[in-house]
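In numbering that gives the first Met the number 0, the protein residues as written are 0 to 208.
All C-beta atoms in this analysis are idealised placements derived from N, C-alpha and C, irrespective of residue type, glycine included.
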Amino acid sequence: MNSEEILSQVATEVSSCELCELRHSRKKAVPGEGPGNSEIMFIGEGPGFHENEQGRPFVGAAGKFLEELLIKIGLSREEVFITNVVKCRPPGNRDPKPEEVEICTNTYLDRQIQVINPKVIVTLGRFSMGLFRPNAKISNVHGQAIQVQGRLVVPMYHPAAALHQGSLRPVIEGDFVKLTGMIAEGNLRQMEQDEEPESADEPKQLSLF
Ligand code: URA
0 MNSEEILSQV ATEVSSCELC ELRHSRKKAV PGEGPGNSEI MFIGEGPGFH
50 ENEQGRPFVG AAGKFLEELL IKIGLSREEV FITNVVKCRP PGNRDPKPEE
100 VEICTNTYLD RQIQVINPKV IVTLGRFSMG LFRPNAKISN VHGQAIQVQG
150 RLVVPMYHPA AALHQGSLRP VIEGDFVKLT GMIAEGNLRQ MEQDEEPESA
200 DEPKQLSLF
């Protein structure tokens with residue numbers, strides 16, 4: 000199977016997934032979308048109201064802002080892969096539970112990352128950052144790339160956070176501009192390690208790759 004076929008297989012499985020209780024609250028599961036050879040992958044938290052209606056990621060207000068950010072750095076949403084930590088909408092927009100994150104990422108996100116093999120993963124918000132840097136604080140590490148198994152992982156604020164808190168808007172815009180440099184240079188050594196010890200990350204990082 001080529002990468003598009005594998006992604007399509009994952010999407011089919013996601014759409015009828017019964018592995019956690021989020022199956023009860025979803026209208027449409029949201030596997031994610033984008034080319035199978037995307038150099039950049041964006042990982043949000045989970046589907047919101049509009050995504051749940053349409054079965055597509057980031058199609059509400061946060062998605063509109065994400066598209067604006069992409070356009071500002073010369074990219075369109077069709078060129079990147081966009082997905083979420085959990086593929087089904089948590090009821091009442093509650094936070095996804097650790098066991099839901101665990102099962103969904105182990106079953107679906109890990110496979111998406113493996114097949115797309117992006118150069119850069121941008122995590123949007125604390126849940127997706129937590130997959131790679133469970134001990135980090137987003138206010139300390141946003142916009143700073145770390146290298147994980149040959150690719151850059153760049154934590155960023157969630158676009159919805161910037162919509163709610165106007166002072167974050169220039170921050171996320173600045174982080175996107177930095178992203179251009181990282182991609183253009185293809186500089187995988189452009190790495191700024193967090194100062195805190197991250198040994199506790201290892202099991203999760205291993206399962207992600
Ligand atoms: N917020 C997310 O984290 N993901 C979406 O798909 C939409 C909004």
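Kindly list the residues whose CB is nearer than 8 Å to the CB of residue i, restricted to its own chain and excluding five residues on each side of it in sequence; keep chain order.
i  : result
Q8 : M0
Among the residues of its own chain, which have a CB less than 7 Å from the CB of residue i, if the five just before and after it don't count?
i   : result
E38 : P117, K118, V119, I182
I81 : G31, E32, G33, F41, P56, F57
Out of the options, which has the shortest C-alpha to C-alpha gap to residue i?
i    : options              : result
K27  : G33, E17, G35        : E17
R150 : E4, F131, E67, E66   : F131
K63  : S75, S166, G54       : S75
E50  : I70, C19, N92, I72   : N92
E98  : V85, R110, P90       : V85
T11  : K136, V29, E20, R25  : V29
G45  : L178, R110, M128, I5 : M128
Could you check if residue i is buried or exposed, using at least 16 other CB atoms within 10 Å of its CB as the buried criterion?
i    : result
Q148 : exposed
N186 : Per-residue confidence for N186 stands at a pLDDT of 46, beneath the threshold of 50, marking its modelled position as unreliable; no derived number is given.
With residue i as the anchor, note down where its alpha helix (DSSP H) starts and where it stops.
i    : result
R110 : 109-115
F57  : First-last for F57: undefined, no H or E at that position.
Which residues bound the beta strand (DSSP E) around residue i?
i    : result
I137 : Note, I137: premise wrong, no beta strand (DSSP E); alpha helix (DSSP H) at 137-140.
V100 : Unbroken run through V100 is the alpha helix (DSSP H), 97-103; no beta strand (DSSP E).
T122 : 119-123
T11  : Element bounds for T11: not the beta strand (DSSP E) but the alpha helix (DSSP H), 2-14.
Quick one: does the C-beta of residue i sit closer than 8 Å to a heavy atom of the ligand FAD?
i   : result
G62 : In the structure shown, the ligand FAD is absent; the only ligands present are the ligand URA.
Assuming residue i and residue j make a contact with CB atoms under 8 Å, what is their CB distance in whole Å?
i    : j    : result
R22  : C87  : 6 Å
I72  : V176 : 6 Å
D174 : H141 : 6 Å
Starting from the C-beta of residue i, find all residues in its chain whose C-beta is less than 6 Å away, skip the five residues before and the five after it, and write them out in chain order.
i  : result
S2 : G35, V114
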